[in-house]
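S.K.: Going by the UniProt record's numbering, the first residue of the sequence shown is number 1, and it counts up by one from there. Every residue, glycine too, gets a C-beta built ideally from N, C-alpha and C.
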Amino acid sequence: MAKAIILSILEAQLGKYVAGLRSDSLVVGLWSGELELRDLSLKPHSLAELQLPVAVTSGSVGRVLVRLPWNQLGSASMAITLEGVLALVVP
1 MAKAIILSIL EAQLGKYVAG LRSDSLVVGL WSGELELRDL SLKPHSLAEL
51 QLPVAVTSGS VGRVLVRLPW NQLGSASMAI TLEGVLALVV P
């Protein structure tokens, strides 16, 4: 149940930029404050709004790890780690 709610929130926030947000690609550790996404594809057309000096034609992210320190929300930072990022770009 919680996983479905989190997936819905992620889809609303990240769905514009990535494809592949599925229940089997999401690992949630609510009490540990960790959330992991695996095997995502970049949506090239959505990155155009960033006005980069290059165009992204395709791309993928192997792993996104988000660490949220529940017990120190006011004093500690959230950490986001991206692994296995591949982007094919053209001028």
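(1) What did DSSP end up calling S23 once you bin it into helix, strand or coil?
(2) What residues in its chain sit with their C-beta under 7 Å from that of D39, if we drop five residues either side in the sequence?
(3) Ordered along the chain, which non-local residues of its own chain (more than five positions away) have a Cβ less than 7 Å from that of L86?
(4) What first and last residue would you give for the beta strand (DSSP E) that runs through E83?
(5) Is it right to say V54 is buried, meaning 16 or more other beta carbons lie within 10 angstroms of its own, or is it exposed?
(6) Which residue or residues does DSSP assign as beta-bridge partners of V61?
(7) Could you give the C-beta distance for S68 and G33, rounded to a whole number, given that I count them as a contact under 8 Å?
(8) From L14, V66, S8, pick the residue whose C-alpha is nearest to that of S46; which is it?
M.R.: Judging by the given coordinates:
(1) Looking at S23 - three-state DSSP - the assignment turns out to be helix.
(2) The answer, listed in chain order, is G20, S25, G62.
(3) Contacts found: G59, S60.
(4) Bounds of the beta strand (DSSP E) holding E83 are 79-90.
(5) Exposed.
(6) Paired residues: L40, V85.
(7) Residue 68 is actually Leu in this sequence, not Ser. Contact flag correct, Cβ pair sits at about 4 Å.
(8) Nearest C-alpha to S46: L14.
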